[in-house]
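Asker: Per this note's numbering, residue 367 is the first one in the sequence shown, and the count goes up by one each step. Every residue gets a Cβ at the ideal spot worked out from N, C-alpha and C, and that includes glycine.
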Amino acid sequence: MWAAGLDEVNGQLKIMQVPVPVPGKGEVLVKMAAAPVNPSDMARIKNVSEVSSRAGFIAGIEGSGTVVDCGSGLIPRLWLGKRVACSSSVSSGGSWAEYMVTKAMSCVPLTANISDEQGSMMLVNPLTALAFIDIARYEGHKAIVSTAAASSLGRMITLLAAKYKIPVIQVVRSVKQQNLLTSQGAQYVLNSSDTDFTTRLGEVSRQLNATLVLDAVGGELTKKLLISTPFGSKHLIYGNLSTEQPQLDHRVLVDAEKTVAGFYLVNWLKKQGLLSTLRSIIKARKMLAGEYTIPISARYPLSQVQQAVDSYLGNMTAGKVILVFNNDAGIT
Ligand SMILES: NC(=O)c1ccc[n+]([C@@H]2O[C@H](COP(=O)([O-])OP(=O)(O)OC[C@H]3O[C@@H](n4cnc5c(N)ncnc54)[C@H](OP(=O)(O)O)[C@@H]3O)[C@@H](O)[C@H]2O)c1
Numbered sequence: 367m368w369a370a371g372l373d374e375v376n377g378q379l380k381i382m383q384v385p386v387p388v389p390g391k392g393e394v395l396v397k398m399a400a401a402p403v404n405p406s407d408m409a410r411i412k413n414v415s416e417v418s419s420r421a422g423f424i425a426g427i428e429g430s431g432t433v434v435d436c437g438s439g440l441i442p443r444l445w446l447g448k449r450v451a452c453s454s455s456v457s458s459g460g461s462w463a464e465y466m467v468t469k470a471m472s473c474v475p476l477t478a479n480i481s482d483e484q485g486s487m488m489l490v491n492p493l494t495a496l497a498f499i500d501i502a503r504y505e506g507h508k509a510i511v512s513t514a515a516a517s518s519l520g521r522m523i524t525l526l527a528a529k530y531k532i533p534v535i536q537v538v539r540s541v542k543q544q545n546l547l548t549s550q551g552a553q554y555v556l557n558s559s560d561t562d563f564t565t566r567l568g569e570v571s572r573q574l575n576a577t578l579v580l581d582a583v584g585g586e587l588t589k590k591l592l593i594s595t596p597f598g599s600k601h602l603i604y605g606n607l608s609t610e611q612p613q614l615d616h617r618v619l620v621d622a623e624k625t626v627a628g629f630y631l632v633n634w635l636k637k638q639g640l641l642s643t644l645r646s647i648i649k650a651r652k653m654l655a656g657e658y659t660i661p662i663s664a665r666y667p668l669s670q671v672q673q674a675v676d677s678y679l680g681n682m683t684a685g686k687v688i689l690v691f692n693n694d695a696g697i698t
């Protein structure tokens, strides 16, 4: 089969021909239909290219496809022949390949009303957005500060929060993004590049009592957020789009009793347990079949994986770039 990955020291992303993997106990073989390019894919590719264990690394964290073979176990057999959303296992290859072996427990059957493309994006962003809204509701936060708010996840957080009447202060980094969100009806949009950003954020976050801060950016923005938000705010760091270490301010942390914590979806789901995870998955499926569909800016065959990545990095706000796997990988 064809797959996109790294196969040499400091290797570039490349198309490789590798054997179709064989599912073991508790695993399934998925014939891939679609897979998105996500920030976490970029981070994983960068990390792998910096360590020595890159041989045979296949990129891609999530996707969708049809289960065409399975190892032993009840769940793998149940999924055989089903269209599924799936995420890759750390131990086996990724979703940017014609076939992927993964744990049956990392697959969720798709209903007929969800396309392969929307289904390919079901397991990362929708579940994360649902987790953040649960945190806001159960911890009693009156409003949220959301960074990278024009991202797919950021927009989903705002839509979901509106359902629970939780106001969101949307932080973006450009006038273009500010205009985009305002044209879509956003009420509180702040541009972190403005000179009066911290003052404005201080005013609005105190007015709304926005004590939950969702930080996908890190670097200097983390410090600006910490300085501006109300006493006792909780800052969740869940991404590192700036690729810079989050800056902290010890005086603000101590005097205003603010907390900074990390958030990683996989760990959050483990803590919630199976029943709660199933409930979230059912909600995520409904979201993608209805009013929460994720905008897609471009589609590429696997043979053009580098163009897909370049197109995504060139304009992340435009929507998701999807790798589509038809009957062949577009490789001649
Ligand atoms: N921790 C977890 O479990 C978890 C789970 C899901 C997602 N995430 C994180 O959530 C974030 C959003 O993911 P997504 O898939 O929704 O992203 P996306 O749709 O691909 O969009 C990325 C957005 O981030 C903006 N951005 C890029 N670099 C930035 C920077 N240095 N400062 C400010 N904004 C920047 C982009 O704006 P431009 O168009 O201007 O570049 C774009 O609007 C990512 O950091 C991802 O890793 C974390």
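Quick one: give me the first and last residue of the beta strand (DSSP E) that Arg539 is part of.
Answerer: Careful: Arg539 lies outside any beta strand (DSSP E) and carries neither H nor E.
Asker: Just reading off the beta strand (DSSP E) that Gln673 is part of, what are its end residues?
Answerer: Note, Gln673: premise wrong, no beta strand (DSSP E); alpha helix (DSSP H) at 671-680.
Asker: Alpha carbons only, please: which of Gly598, Leu556, Leu592, Pro667 is nearest the one belonging to Asp615?
Answerer: The option with the nearest alpha carbon to Asp615 is Leu592.
Asker: By Cβ distance below 6 Å, which residues in the same chain neighbour Gly685 in space, the five residues on each side in sequence not counted?
Answerer: Here the set comprises Pro661, Ile662, Ser663.
Asker: Name the DSSP bridge partner or partners of Trp368?
Answerer: Answer by DSSP bridge pairing, in chain order: Gln383.
Asker: Is Arg539 near ligand 1, in the sense that its beta carbon is under 7 Å from a heavy atom of that ligand?
Answerer: Yes; taking the cut-off as 7 Å, the Cβ of Arg539 has a heavy atom of ligand 1 nearer than that.
Asker: Below 7 Å CB to CB, which residues in the same chain sit around Gly390 once its five sequence neighbours on both sides are set aside?
Answerer: Excluding positions up to five away in sequence, the list reads Gly437.
Asker: By Cβ distance, which residues of its chain are closer than 6 Å to Ser558, with the 5 residues on each side in sequence left out?
Answerer: Excluding positions up to five away in sequence, the list reads Val537, Arg539, Leu587.
Asker: Given the structure, does Ser518 come close to ligand 1, in the sense that its CB is under 7 Å from one of the ligand's heavy atoms?
Answerer: Checking the Cβ of Ser518 against ligand 1 gives yes.
Asker: Rounded C-beta distance between Ala401 and Ser461? I'm assuming under 8 Å.
Answerer: Between Ser461 and Ala401 the Cβ distance is about 4 Å, and since that is below 8 Å, they are a contact.
Asker: In the DSSP assignment, find the unbroken beta strand (DSSP E) run with Leu556 in it and report its ends.
Answerer: Residues 554-557.
Asker: Using the rule of at least 16 other Cβ atoms within 10 Å of the residue's Cβ for burial, across every protein chain shown, is Thr498 buried or exposed?
Answerer: The sequence as given places Phe at residue 498; Thr does not occur at that position. Label assigned to Phe498: buried.
Asker: Using a Cβ-Cβ cut-off of 6 Å (strictly less than) and excluding sequence neighbours within five positions of Ser430, which residues of its own chain qualify?
Answerer: The residues are Ala399, Ala400, Ala451, Asp482, Gly485, Ser486.
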